[in-house]
Structure formats: C-alpha cells, structure tokens
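The structure appears right after this line, and notes come after that.
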Amino acid sequence: LVKVPRPSRVSLMDTRGSAGREVIVAIDVGSTALKATAIARNGAVVAAAQRPIQTYSAGAGVVEQCAEEWWQAFAGAVEELCGTLTASGLRPVAIALSGQMQDAILVDAEARLNPPPPP
C-alpha cells in the first residue's frame, strides 16, 4: 500500500520567474485508490488528492476493478487538485501516469465498456 504524503507547506512563490509556479502532476491508479499529486521542481509535494477505488472479487482468486470507477475517481481527484493549484497560483506543466500492470479494458464499437462494470 502506497500512501500519498501529506502536502508540505513549501511556498513556491518566493522563487523568481514562472518556474517557481510550475508543477508536475503525477497520477497513480492503485489497488485501493487513485492518487493525484502535484510536485514542485524542487521535489516538494505541494498538493494532493485521492479517491477510493473498489476491488471486486469473483471468487477463485479472481479480482477486478471497474474502469468507469477509475474514470470517475480520476475526474474527481484531478478536479480537486486543479482547484487547489489554481487557488495557489500554481500551473501544471507535465503529467505523469502510472497504474497496475497487465490491465485490459475492453470496449465495444461505441467505446462502451464491454463487458459492463461489475455489480
């Protein structure tokens, strides 16, 4: 289990130029939560948000998650994080994504989940 560190209260506005207001947004889809973190050029975590993700068990060692829940968690966490960044005068300049290995997200011709999400 990876825990998102509590955001530090580092002031980036003391740095000259726009580089002091630039952050990288890192997003991780984990086994229990989607985490969105803003990291300053000096490596400080300046803001973070996360949303829980449900894991479903189909028995016999089969587990799955719902891609629609990933999307909803992504939208909520990024909206919260961007609100914090905007209020702080910070600007994302790059996005890094990570997630679990060997995921397959099947969709039909209209890009609907196929099969549908678990109950």
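According to my numbering, the residues represented by the sequence shown are -13 to 105, in order.
Cβ coordinates follow ideal geometry from the N, Cα and C atoms, glycine included.
How about residue i and residue j: are their beta carbons less than 7 Å apart?
i     : j     : result
VAL31 : THR41 : no
GLY85 : VAL15 : yes
ILE39 : ALA59 : yes
LEU67 : ARG7  : no
In angstroms with no decimal places, state the Cα-to-Cα distance between residue i and residue j.
i     : j     : result
ALA82 : ARG98 : 25 Å
THR70 : ALA46 : 43 Å
PRO78 : TRP56 : 21 Å
VAL93 : GLN51 : 15 Å
GLN88 : SER74 : 37 Å
GLY29 : GLU96 : 41 Å
What residue from the options has the CA that sits closest to residue i's CA?
i     : options                       : result
THR23 : ASP94, GLY62 and GLU55        : GLY62
SER43 : SER17, VAL64, LYS21 and ALA34 : SER17
GLU65 : ALA34, ASP89, GLU54 and ALA53 : ALA34
Might you give, ordered along the chain, the residues of its own chain that have their beta carbon closer than 7 Å to the beta carbon of residue i, omitting 5 neighbours on each side?
i     : result
ALA19 : GLN36, ARG37, PRO38 and ILE39
Return the chain-ordered list of same chain residues with a C-beta closer than 6 Å to the C-beta of residue i, the five sequence neighbours on each side being excluded.
i     : result
ILE13 : ALA22 and LEU83
ALA80 : ILE10
In its own chain, which residues sit with a C-beta less than 8 Å from the C-beta of residue i, not counting the 5 before and 5 after it?
i    : result
ASP0 : Summary for ASP0: the model assigns pLDDT 43, below 50, so the residue's position carries little reliability; its value from the coordinates is reported in the next sentence. Here the set comprises GLY6.
Determine, for residue i, whether the minimum Cβ-Cβ distance to residues of chain B falls below 7 Å.
i     : result
ILE13 : No chain B is part of this structure, which consists of one protein chain only.
* To do: Would you mind listing the alpha helix (DSSP H) stretches within the region 62 to 87 that are 4+ residues and don't spill past its ends, in chain order?
  => Secondary structure in the region 62 to 87: no alpha helix (DSSP H) run of 4 residues or longer lies completely within the stretch.
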